[in-house]
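Here's the structure, in structure tokens; my notes come after.
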Amino acid sequence: MNEMVIGMIGAGNMADALIKGLLSRRVLPPDAIWATNRSNRERLAGLQARYGVQITPVKPPLLEAASIVVLAVKPKDTQEVLDQITGTVRGEQLVISVIAGIPLATLERALRGIPVIRAMPNTSAAVLASATALAAGRHATEDHLQTATRIFEAVGDAVTVPENVLDVVTALSGSGPAYVYRLIEAMIHAGTDLGLGGELARRLAVQTLIGAARMLTESAADPGELRRNVTSPGGTTMAALGVLEERGFAQAVRAAISRAAERAREMAREYAPEQP
Ligand SMILES: NC(=O)c1ccc[n+]([C@@H]2O[C@H](COP(=O)([O-])OP(=O)(O)OC[C@H]3O[C@@H](n4cnc5c(N)ncnc54)[C@H](OP(=O)(O)O)[C@@H]3O)[C@@H](O)[C@H]2O)c1
1179 MNEMVIGMIG
1189 AGNMADALIK
1199 GLLSRRVLPP
1209 DAIWATNRSN
1219 RERLAGLQAR
1229 YGVQITPVKP
1239 PLLEAASIVV
1249 LAVKPKDTQE
1259 VLDQITGTVR
1269 GEQLVISVIA
1279 GIPLATLERA
1289 LRGIPVIRAM
1299 PNTSAAVLAS
1309 ATALAAGRHA
1319 TEDHLQTATR
1329 IFEAVGDAVT
1339 VPENVLDVVT
1349 ALSGSGPAYV
1359 YRLIEAMIHA
1369 GTDLGLGGEL
1379 ARRLAVQTLI
1389 GAARMLTESA
1399 ADPGELRRNV
1409 TSPGGTTMAA
1419 LGVLEERGFA
1429 QAVRAAISRA
1439 AERAREMARE
1449 YAPEQP
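The sequence shown runs contiguously to residue 1454 in the numbering used here.
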């Protein structure tokens, strides 16, 4: 992996998380990572100050240096970026897009013949705990997929999926950390409303999340079984779960994830309109 040079086009939350993860796992030295953005020079300088990566306000030096070009811009900026890099990206480079919703076909149409892989990581890459799904394009070889897998395995778990499930992946695990943060926020607020100090409520809620996550990863039991194990008939947990179900907890989660997947498809139609 040592000759690999990654060029991040887009220097926002996702690029920051990936850079942090790749450096902390020593996948690459800081000078083998380049970053550029559109106009926020302060943000770019911040990345350099924090991580020692190479930054450039324009794309040509990054495209010259990179063996892997990561597209980490918002869906609405995809076409602009494709217009800017088409013709400059070379056939021996690999393009990895983490952009939600934008299909491989759109990327491949612009980047004629260039190998492209779509990746859907999440921001937990910053703490080496991303859940990432990868889908390979027409020109991506098994080697390209392995390279992308190694990058994303360095910052968490990585799986390969067919592209047609990426919108659901985006909705489940791409946006997923925010749902978990929302749950923890609500638990902390409930704790403080009911008399706990804020720090104490946070500490207990966060450790509960960590403990439950570890139970899930370290035991063979499925979540339903673990839930039933802590739910004694007539007890406090059962009383709480009853309220959640009465208020449509599972349906709300289902509707939220379904809406996020639909939003990914809408974004593809909005920002990749030439798609059939
Ligand atoms: N955040 C997440 O949890 C998450 C999870 C999975 C996937 N993603 C995907 O990752 C992508 C980036 O998300 P984000 O949260 O990192 O967004 P963000 O924080 O808004 O960052 C977007 C970056 O793109 C840059 N940019 C826009 N147009 C550009 C151009 N023409 N050339 C170069 N850079 C350009 C912006 O530069 P300026 O600041 O200078 O405008 C900014 O640095 C999105 O497509 C999103 O779907 C995000």
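Backbone N, C-alpha and C fix where the C-beta goes; we use that ideal spot for every residue, glycine too.
The structure displayed is predicted, hence computed values, not measured ones.
Cβ neighbour criterion (16 or more within 10 Å) applied to residue i
i	result
V1461	Nothing in the structure corresponds to residue 1461, since the chain is present only between 1179 and 1454.
S1308	buried
K1198	buried
N1215	buried
L1222	buried
T1325	buried
V1421	exposed
V1337	exposed
M1456	The chain is shown from 1179 up to 1454; residue 1456 falls before or after that span and cannot be answered.
V1183	buried
V1431	exposed
Close Cβ partners of residue i (< 8 Å) along its chain, the five nearest in sequence each way excluded
i	result
L1374	L1382
R1203	L1306, A1332 and V1333
K1237	I1187, T1214, Q1262, I1263 and T1266
L1225	A1189, A1193, D1194, I1197, A1213, V1231 and I1233
A1390	L1404
P1355	N1300, T1301 and S1302
For residue j and residue i, believed in contact at Cβ under 8 Å, the rounded distance
i	j	result
A1193	W1212	At roughly 11 Å, the Cβ-Cβ gap does not stay under 8 Å, so A1193 and W1212 are not in contact.
G1334	T1310	6 Å
I1280	T1256	5 Å
A1278	P1253	6 Å
A1303	A1450	That pair is no contact at about 24 Å.
L1260	A1288	4 Å
T1409	L1419	6 Å
Residues bridged to residue i (per DSSP)
i	result
Q1232	W1212
M1298	A1311
M1186	A1213 and V1248
I1274	V1248 and I1295
G1334	S1308
Chain-order list of residues whose beta-carbon lies under 7 Å from that of residue i (same chain, five-residue window excluded)
i	result
G1190	A1250
T1370	G1376 and A1379
N1180	With a pLDDT of 47 at N1180, under the threshold of 50, the predicted position of this residue should be treated as unreliable, though the coordinate-derived value follows. Excluding positions up to five away in sequence, the list is empty.
D1209	Q1232
Y1359	none
L1201	P1208 and Y1229
L1350	I1435
P1455	A query on residue 1455 cannot be resolved here, the shown segment of the chain reaching from 1179 to 1454 and no further.
E1423	none
Same chain, Cβ closer than 6 Å to residue i, neighbours up to 5 away in sequence not counted
i	result
R1441	none
S1353	A1438
M1496	Nothing in the structure corresponds to residue 1496, since the chain is present only between 1179 and 1454.
R1443	D1345
G1185	W1212, L1240, A1244 and V1247
A1318	P1293 and I1295
T1234	T1214 and L1240
E1341	L1282 and A1313
L1323	A1314
A1416	The identity of residue 1416 in the sequence shown is Met, whereas the question assumes Ala. T1409, listed in sequence order.
S1397	none
L1285	S1275 and V1294
- Three or more beta-carbon pairs under 8 Å between the stretch 1247-1261 and the stretch 1304-1323, yes or no? With the cut-off at 8 Å, the stretch 1247-1261 and the stretch 1304-1323 do not touch.
- Item | Segment contact, 8 Å Cβ cut-off, at least three pairs: the stretch 1319-1337 with the stretch 1270-1282 | Contact between the stretch 1319-1337 and the stretch 1270-1282 is present, because at least three Cβ pairs lie under 8 Å.
- Query: Quick check: the stretch 1383-1395 against the stretch 1356-1369, are there 3 or more CB pairs under 8 Å?
  - Reply: yes
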